[in-house]
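Q:
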């Protein structure tokens, strides 16, 4: 798996005229992804939680992140969209807000995530890592699909992880209610689910005959704001892990390269997976990479899709003429004919 060239953020082509939405764009890899695209002329919608939620957790607010981007790219076109992926109500409100403010979406980057959390639930009763990392993005993507279908050659990029390789998928116990709850195993399963979702979405887009692509990416071993969620109560452990990963792996700028490649390169097709090409995919320049066998299992992906529809209440409408106004409202996506 060697990359054809040493691809970096400098290779991102001109993005003038493109509108991009990045979840979790306030810090880490999401911030560097937003910065890289804004620097090439993209209009970037930064979908993040409210400042009063982020700051007590030690994370940057969206406004602070915007100031940082404008510090290196004064002409950056940036917007804030309030979004909490742990709340279906917030996701629906964010989708409604997006459709009111914008007429289309060229790129959706499902980047935000949480990692290694103790047993906890979203407000809708999902296991928290599963709810944020998958169900939240599944619902958001479905609700924003009409805007994506209106943009020619639009793209959905879902960020997975090397951790998917150690996942134990149980479609009858996604919330780890019957299995022993191990924080690392729960996280790994969500990252496998990200890949299954990205590939099943790609198959359904192809079946619908639309030009939108669905691909996935992973950053390798990269320092990111995930350590904020993993070690919420210990700044010392957070600093140790973050520093160690930066030393033996990649920093956030390098970690974002796989996402930027997946967003902008033309040599991609539905279901492709992009990651670092160095030792064990821990670091290196981005290119096409492989995944575990289960990550390409079609029956598992179809079953996961059905579960996700039922639990989120969101079904996807692949019609190009889908109404953007109704798509953002709770229940209406579910009730529209495919």
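In the working numbering, the protein residues as written are 333 to 670. Glycine residues also receive a C-beta, built at the ideal position from the N, C-alpha and C atoms.
1. Please confirm if the stretch 617 to 631 is in contact with the stretch 506 to 522, defined as three or more CB-CB distances below 8 angstroms between the two stretches.
2. Between which two residues does the beta strand (DSSP E) containing residue 548 stretch?
3. Go through its chain and collect everything with a Cβ distance to residue 532's Cβ below 6 angstroms, but skip five positions before and after it.
4. Under a three-way DSSP split, which group does residue 584 fall into?
5. Are residue 588 and residue 364 close, meaning C-beta to C-beta below 8 angstroms?
6. Output the distance between the C-alpha atoms of residue 551 and residue 608, rounded to the nearest integer angstrom.
7. Once the 5 residues before and after residue 377 are set aside, which same chain residues still bring their CB inside 6 angstroms of it?
8. What residues are listed by DSSP as bridge partners for residue 406?
9. Helix, strand or coil for residue 603? Go by DSSP, reduced to three states.
10. Return the bridge partner residues of residue 351 from the DSSP annotation.
11. Kindly indicate which residue of 473, 499, 384 and 639 has the alpha-carbon position closest to the one of residue 426.
12. Mark residue 582 as exposed unless 16 or more other C-beta atoms lie within 10 angstroms of its C-beta, in which case mark it buried.
13. Does the distance from the C-beta atom of residue 421 to that of residue 463 stay below 8 angstroms?
14. Measure the alpha-carbon distance for residue 648 versus residue 640 and round it to whole angstroms.
15. In chain order, which continuous runs of the alpha helix (DSSP H) of length 4 or greater are located wholly inside the stretch 507 to 550?
16. Restricting to runs no shorter than 3 residues, where is the beta strand (DSSP E) found entirely within the stretch 437 to 478?
17. I'd like the span of the alpha helix (DSSP H) that includes residue 431, first residue to last.
18. Residues in its own chain within less than 6 angstroms of residue 572 by CB, not counting five upstream and five downstream?
19. Just to confirm, is the Cβ distance from residue 554 to residue 520 under 8 angstroms?
20. Taking C-beta to C-beta, are residue 486 and residue 544 nearer than 8 angstroms?
21. Could you spell out where the alpha helix (DSSP H) holding residue 367 opens and where it closes?
22. What residue from 405, 403, 366 and 501 has the CA that sits closest to residue 595's CA?
23. In whole angstroms, what is the alpha-carbon distance linking residue 350 and residue 512?
24. Can you grab the Cα-Cα spacing for the pair residue 424 / residue 416, in whole Å?
25. Are the CB atoms of residue 380 and residue 356 within a distance shorter than 8 angstroms?
26. When we look at the beta-carbon of residue 696 and count the other beta-carbons within 10 Å, is it buried (16 or more) or exposed?
27. Which residue's Cα is closest to the Cα of residue 469: 522, 359 and 507?
28. Helix, strand or coil, according to DSSP, for residue 316 in the structure here?
29. Determine the direct distance from the alpha carbon of residue 502 to that of residue 399, and round the result to whole angstroms.
30. Can you give me the C-alpha to C-alpha distance between residue 382 and residue 368, rounded to a whole angstrom?
31. Three-state secondary structure (DSSP) at residue 593?
32. Tell me the residue span of the alpha helix (DSSP H) that contains residue 631.
33. Can you tell me the Cα-Cα spacing of residue 566 and residue 390, whole angstroms?
34. Could you tell me whether the Cβ atoms of residue 444 and residue 646 are closer together than 8 angstroms?
35. Between residue 458 and chain B, is any beta-carbon pair separated by less than 8 angstroms?
36. Any idea which residues DSSP pairs residue 412 with across the strands?
A: According to the data block:
1. Output reads no: the stretch 506 to 522 does not touch the stretch 617 to 631.
2. As a first step, residue 548 must be located in the chain shown, where it is residue number 216. Start and end: 545 to 549.
3. The residue you call residue 532 lines up with position 200 of the chain shown. If you ignore the 5 residues before and after residue 532, its C-beta comes within less than 6 angstroms of the C-beta of 633 and 637, all in its own chain and listed in chain order.
4. Looking up residue 584 in the chain shown gives position 252. Per DSSP, reduced to three states, the secondary structure at residue 584 is helical.
5. Residue 588 sits at position 256 when you count from the first residue of the chain shown. Residue 364 sits at position 32 when you count from the first residue of the chain shown. Yes, they are a contact pair.
6. The residue given as residue 551 occupies position 219 in the chain shown. The residue given as residue 608 occupies position 276 in the chain shown. Their Cα atoms are separated by approximately 7 angstroms.
7. For this step, residue 377 is matched to residue 45 along the chain shown. These residues qualify, in order along the chain: 353, 411 and 413.
8. Position 74 of the chain shown, counting from 1, holds the residue named residue 406. When DSSP reads this structure, residue 406 sits in no beta bridge, so it has no partner.
9. For this step, residue 603 is matched to residue 271 along the chain shown. In this structure, residue 603 counts as coil in the three-state DSSP scheme.
10. Taking the first residue of the chain shown as position 1, residue 351 is located at position 19. Looking at the DSSP assignment, residue 351 forms a beta bridge with 375.
11. Along the chain shown, read from residue 1 onward, the residue named residue 426 stands at position 94. Of the listed residues, the one whose Cα sits closest to residue 426 is 473.
12. As a first step, residue 582 must be located in the chain shown, where it is residue number 250. Buried, because 16 or more other Cβ atoms sit within 10 Å of the Cβ of residue 582.
13. Working through the chain shown from its first residue, we reach residue 421 at position 89. Working through the chain shown from its first residue, we reach residue 463 at position 131. Their beta carbons are not under 8 angstroms apart, which means residue 421 does not touch residue 463 by this criterion.
14. Start at 1 with the first residue of the chain shown, and residue 648 comes out as number 316. Start at 1 with the first residue of the chain shown, and residue 640 comes out as number 308. Going by the C-alpha atoms only, they are around 11 angstroms apart.
15. For the stretch 507 to 550, whole alpha helix (DSSP H) runs of length 4 or above, ordered along the chain, are 515 to 540.
16. For the stretch 437 to 478, the full-length beta strand (DSSP E) segments reaching 3 residues or more read 439 to 442 along the chain.
17. One-based indexing of the chain shown puts residue 431 at position 99. The continuous alpha helix (DSSP H) containing residue 431 extends over residues 420 to 433.
18. In the chain shown, counting from the first residue as 1, residue 572 sits at position 240. With a pLDDT of only 48 at residue 572, under 50, the local geometry of the prediction cannot be trusted, and the value read off the model is given with reservation. Within its own chain, no residue has a Cβ closer than 6 angstroms to the Cβ of residue 572 once the five positions on either side in sequence are excluded.
19. Taking the first residue of the chain shown as position 1, residue 554 is located at position 222. Taking the first residue of the chain shown as position 1, residue 520 is located at position 188. Against a cut-off of 8 angstroms, the Cβ pair of residue 520 and residue 554 comes out as no contact.
20. Within the chain shown, the letter at position 154 stands for residue 486. Within the chain shown, the letter at position 212 stands for residue 544. Cβ distance < 8 angstroms, so residue 486 and residue 544 count as in contact.
21. The count along the chain shown starts at 1 and reaches residue 367 at position 35. It spans 360 to 370 - the alpha helix (DSSP H) in which residue 367 sits, taken as one unbroken run.
22. Taking the chain shown and counting its residues from 1, one reaches residue 595 at position 263. The option with the nearest alpha carbon to residue 595 is 366.
23. Here residue 350 is taken as the residue at index 18 of the chain shown, counted from 1. Here residue 512 is taken as the residue at index 180 of the chain shown, counted from 1. Spanning the two alpha carbons is a distance of roughly 45 angstroms.
24. Position 92 of the chain shown, counted from the start, is the residue given in the question as residue 424. Position 84 of the chain shown, counted from the start, is the residue given in the question as residue 416. Roughly 10 angstroms separates the two Cα atoms.
25. Sequence index remark: in the chain shown, residue 356 carries index 24 (1-based). Sequence index remark: in the chain shown, residue 380 carries index 48 (1-based). Residue 356 places its beta carbon less than 8 angstroms from that of residue 380.
26. Since the displayed the chain opens at 333 and closes at 670, residue 696 lies outside it and no answer follows.
27. In the chain shown, residue 469 corresponds to position 137, counting from 1. Taking only the C-alpha atoms, the option nearest residue 469 is 522.
28. Only positions 333 to 670 of the chain appear in the structure, and residue 316 is not among them; the question remains open.
29. Reading the chain shown from its first residue, position 67 is the one you call residue 399. Reading the chain shown from its first residue, position 170 is the one you call residue 502. Cα to Cα, the separation comes out at about 43 angstroms.
30. What you label residue 382 is simply residue 50 of the chain shown in a count that begins at 1. What you label residue 368 is simply residue 36 of the chain shown in a count that begins at 1. Roughly 23 angstroms between the two C-alpha positions.
31. Within the chain shown, numbered from 1, the residue matching residue 593 stands at position 261. Shown here, residue 593 sits in a helix according to DSSP, grouped into three states.
32. The residue given as residue 631 occupies position 299 in the chain shown. Run containing residue 631: 630 to 644, per the alpha helix (DSSP H) assignment.
33. As a first step, residue 566 is located in the chain shown; it is residue number 234 there, counting from the start. As a first step, residue 390 is located in the chain shown; it is residue number 58 there, counting from the start. Interpretation of residue 566 is limited by its pLDDT of 47, a score under 50 that renders its predicted location unreliable; no figure is taken from the coordinates.
34. Position 112 of the chain shown, counted from the first residue, corresponds to residue 444. Position 314 of the chain shown, counted from the first residue, corresponds to residue 646. No, the Cβ-Cβ distance between residue 444 and residue 646 is not below 8 angstroms.
35. Absent from the structure is chain B; it holds one protein chain and no more.
36. Position 80 of the chain shown, counted from the first residue, corresponds to residue 412. Its beta-bridge partners are 378.
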